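S.K.: If you read the protein sequences in the order shown, they are chains A and B.
With the first letter of the first sequence counted as 1, position 40 gets the number 40 in UniProt numbering; the numbers rise by one all the way through.
With the first letter of the second sequence counted as 1, position 154 gets the number 154 in UniProt numbering; the numbers rise by one all the way through.
Each residue gets a CB set at the ideal place from its N, CA and C atoms; glycine is no exception.
The model shown is predicted, which means the values in this text are computed figures rather than measured ones.
I'd like to ask some things about the structure below.
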Amino acid sequence: MALYRFNAVLDEEKSVHIVVSAEAESEAFHLAEKEIERSFLKMPEIHEIMLLEKKLSTKGGFVLQEI
Amino acid sequence: MAYTKHWANQEKLSKEEKAKLEKDGLDILDDIPYYARNGFDSIPKEEWSFFKWAGLYLQKPKEDGYFMMRVNIPSGVMTNEQLKTLAGIAKDYGRDVLDITTRQAVQFHWLQIEQIPDIFDRLEKVGLSSVGACGDIMRTIVGNPLAGIDPNELLDTREIVNDVYHYFQRNRDFSNLPRKYKISISANVDNAQNAEINCLSFVPAVKVIDGKEVSGFHVYVGGGLAAKPHLAKPLNVFVRPEQVKDVTIAVTTIFRDYGYREKRTRARLKFLMADWGPEKFTEKLSEYIELPEKGEERLTGWNAGYFYGVHEQKQEGLRYVGVNVPVGRLHTEELYELVRISDQYGNGEVRTSNSQNIVIPNIPEDQVEAMLNEKLFEHLLPEPKSFMGYAVSCTGIEYCNLALVETKERMKNVADHLDEALSLEVPIRLHMVGCPNACGQRQIADIGLQGIKMKNKDKKMVEAFEIYVGGTLSESAQFNEKLKGKIEAGQLDGVLVQFLQVFKQEKYRGETFHSYYQRVGLPHLQETLDEILANNVAVN
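Right under this line is the structure:
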């Protein structure tokens, strides 16, 4: 299990950060997309989604800075 | 000399600090023979991190039980016997590969616990050691790869480096530092040591004392890269050569006793320096050792640790030859050829540089041509092209648990492609890294390429890169800056060719990439990249 930090560009160039814990990168992408889906009333289109960093421990986190 | 761990009763300590109070990192050396006899499964998981003190990391996936071993090469100086031993380890245990690191050390991969005692024996017999190459301890000492042969060095630093290295090797007074601790000692006037990115650096300087000019060092403290890079700051002191060890002991004691142990993320010396500043640090240092104020610094520029080609040594009639090792990776047959060639034409010595390349010293002038006719130098080029010659890469996803992308082979392929597509009269220092950490020193590159994973327009997960520009440790030292936009790995060659074609068209004759970056500014480089990306060459 690891922590994964993502950035996604949605409609109107809105940029969001997502952090998920997952067993593998493919699962992390899937979970990140799910987190986006559940965070908006109107489903946004995901134009870009990028995995920027991973941490092996699931304890801890990331500081989300302007990208 | 025992010391009191005054932090032992500190209320808040990181879990790593608590573990280090229970067991010193060097104790793992006593445990390794047992684990070697009983196999990887006999190693409790909570012991894994202590292997760092022995210079061993578990490769990914950790559960498979393969180790990476880093071996200290202080100042990069290796005897023929040492190189032969390293070649033998690569051949017998390391799947024929040895990597040169950005701190002049070397690394093996694919080692198993059962093999470690024999590897330790082999290393010890020739005076080498992996102890302290990783862990919260003084790491291998970066130095001048030309020490003792450098016509421009202020003084020969080999003895000083050896003295400091042997004092700190397995020294339990300094085996429990708050975090990793990287030092450099060099009198090379071109800052081959990358002084500003070490925790502690001794750089060449002179001072008139009692009417006589004394050659010695200035001291920089608190540099480091990683997620929060920081340039080391100069202290207002002058150090005589014979004082280097005592000053190192003093600074290391300050780090040991005042460095932050509550939060591991703030434990590097750079955080203490950021809080204290150079004045307070100098004042604290004066409590340990009396030193005069600064003299005159003798750094004249920055060569980033590159020494390509044939050059005169300070010894008349002798030459040193710097050759390129593509992304720092050597194979067994190349290593054995180096052993033979350095012995046949020189005195057997080979030296590593922190640009991941090698220098063969002590070649008689009339032997140089014959040596360079050896087949090995068709691959390890003394005059490499602008890109391959200056390409640096971290280990990448092949072995590293944190990397998101492959780097070593890709960096080689990208550099090859750029060399075929473009000819430049100035080198471009390209550094490729697989994550936001700093093993490939992305922050000081002309062009840094940092790996990410992304979903492309077909919704497929692909490897990609972000671009950073303008890093340098020359007089106007600065870390590079990020350009917006991401490039799918498969399109990296094409984008870089176009980006650098613009550089080629717009640069003045002889202008370096950093000077160009300073002249045209970041917005112009961003516009250039935007235009390339908008032309659908890359995934934007």
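(1) Does the segment 505 to 520 of chain B touch the segment 464 to 472 of chain B, meaning 3 or more C-beta pairs lie closer than 8 angstroms?
(2) Using three-state DSSP, classify B/SER184 as helix, strand or coil.
(3) Any chance you could list the beta strand (DSSP E) runs of at least 3 consecutive residues sitting entirely within the segment 106 to 152 of chain B, in chain order?
(4) Go ahead and label A/MET1 buried or exposed: buried means 16 or more other beta carbons lie within 10 angstroms of its beta carbon, across all protein chains shown.
(5) I'd like to know whether the C-beta of B/GLY135 is nearer than 8 angstroms to at least one C-beta of chain A.
(6) Around the Cβ of A/LEU64, are there at least 16 other Cβ atoms within 10 angstroms (buried) or fewer (exposed)?
(7) Of all Cβ atoms in chain A, is any one closer than 8 angstroms to the Cβ of B/CYS435?
(8) Give the interface partners of A/PHE29 over in chain B, defined as CB-CB distance under 7 angstroms, in chain order.
(9) Along the beta strand (DSSP E) that carries B/LEU372, what are the first and last residues, could you check?
(10) Using 8 angstroms as the Cβ pair cut-off and three pairs as the minimum, do the segment 228 to 238 of chain B and the segment 208 to 220 of chain B touch?
(11) Between A/GLY61 and B/CYS394, what straight-line distance do the alpha-carbon atoms span, to the nearest angstrom?
(12) What residue does the alpha helix (DSSP H) around B/THR407 start on, and which one ends it?
(13) Helix, strand or coil for A/MET1, going by three-state DSSP, please let me know.
(14) Which residues share a DSSP beta bridge with A/ALA8?
(15) Can you tell me which of B/GLN505, B/GLU262, B/ASN347, B/LYS453 puts its alpha carbon nearest to the alpha carbon of B/ALA8?
(16) Please tell me whether B/ASN401 has its Cβ less than 8 angstroms away from any Cβ of chain A.
(17) Quick check: is the beta carbon of B/LYS182 nearer than 8 angstroms to any beta carbon in chain A?
(18) Exposed or buried, what is B/GLN505 when buried is set at 16 or more other beta-carbons lying within 10 Å of its beta-carbon?
(19) Give the interface partners of A/LYS54 over in chain B, defined as CB-CB distance under 8 angstroms, in chain order.
(20) Within a Cβ cutoff of 7 angstroms, which residues of the same chain sit near B/PRO151, ignoring the five residues on either side of it in sequence?
(21) Would you say B/ILE452 faces chain A, with C-beta separation under 8 angstroms as the test?
(22) Output yes if chain B places a C-beta closer than 8 angstroms to the C-beta of residue 69 of chain A; else output no.
(23) Are at least three pairs of beta-carbons, each pair with one atom in the segment 40 to 56 of chain B and one in the segment 69 to 78 of chain B, less than 8 angstroms apart?
(24) In whole angstroms, what is the alpha-carbon distance linking B/ASN362 and A/VAL19?
(25) Looking at chain B, is there any beta carbon in it that lies within less than 8 angstroms of the beta carbon of A/LEU3?
(26) Using 8 angstroms as the limit for Cβ to Cβ distance, is B/LYS20 near chain A?
(27) Looking at the secondary structure, which residues open and close the alpha helix (DSSP H) in which B/TYR336 lies?
(28) Between residue 541 of chain B and chain A, is any beta-carbon pair separated by less than 8 angstroms?
(29) Would you call the CB atoms of B/LEU430 and B/GLY485 closer than 8 angstroms?
(30) Tell me which residues share the same chain as B/LEU128 and place their Cβ nearer than 6 angstroms to its Cβ, disregarding the 5 neighbours each side in the sequence.
(31) With a Cβ-Cβ cutoff of 8 angstroms, do B/PRO74 and B/VAL161 count as a contact?
(32) Tell me the DSSP secondary structure of B/TRP7 in three-state form.
(33) Could you pull out every unbroken alpha helix (DSSP H) segment of at least 4 residues lying fully inside the segment 217 to 287 of chain B, listed in chain order?
(34) Closest by CA to B/ASN191, which one among B/TYR181, B/GLN169, B/LEU154, B/PRO178?
(35) What residues in its chain sit with their C-beta under 8 angstroms from that of B/LEU177, if we drop five residues either side in the sequence?
(36) Under 8 angstroms, do B/ASP493 and B/VAL414 count as touching if we go by C-beta distance?
M.R.: With the given structure in hand:
(1) yes
(2) Of the three classes helix, strand and coil, the one that applies to B/SER184 here is strand, per DSSP.
(3) 106 to 111
(4) exposed
(5) Answer no: the Cβ-Cβ gap between B/GLY135 and chain A never drops below 8 angstroms.
(6) exposed
(7) yes
(8) LYS455, MET461
(9) No beta strand (DSSP E) contains B/LEU372, which is instead part of the alpha helix (DSSP H) from 368 to 372.
(10) yes
(11) Take the alpha-carbon of A/GLY61 and the one of B/CYS394: they are about 24 angstroms apart.
(12) Per DSSP, B/THR407 belongs to no alpha helix (DSSP H) and is neither H nor E.
(13) coil
(14) A/VAL16, A/ILE49
(15) B/GLU262
(16) yes
(17) Taking Cβ atoms only, chain A never reaches closer than 8 angstroms to B/LYS182, which makes this a no.
(18) exposed
(19) LEU402, LEU404, CYS435
(20) For B/PRO151, where only same-chain residues beyond five positions count, the Cβ hits under 7 angstroms are GLU312, GLN313, LYS314.
(21) Yes, its Cβ sits closer than 8 angstroms to a Cβ of chain A.
(22) Residue 69 of chain A falls outside the range modelled here, since chain A spans only 1 to 67, and no answer is possible.
(23) yes
(24) 55 angstroms
(25) no
(26) no
(27) 332 to 345
(28) The requested residue 541 of chain B is not part of the displayed model; chain B covers only 1 to 540.
(29) no
(30) VAL71, GLN82
(31) yes
(32) helix
(33) 244 to 258, 269 to 286
(34) B/LEU154
(35) ASP136, ILE137, MET138, THR252, PHE255, ARG256, GLY259
(36) At the C-beta level, B/ASP493 and B/VAL414 come within 8 angstroms of one another.
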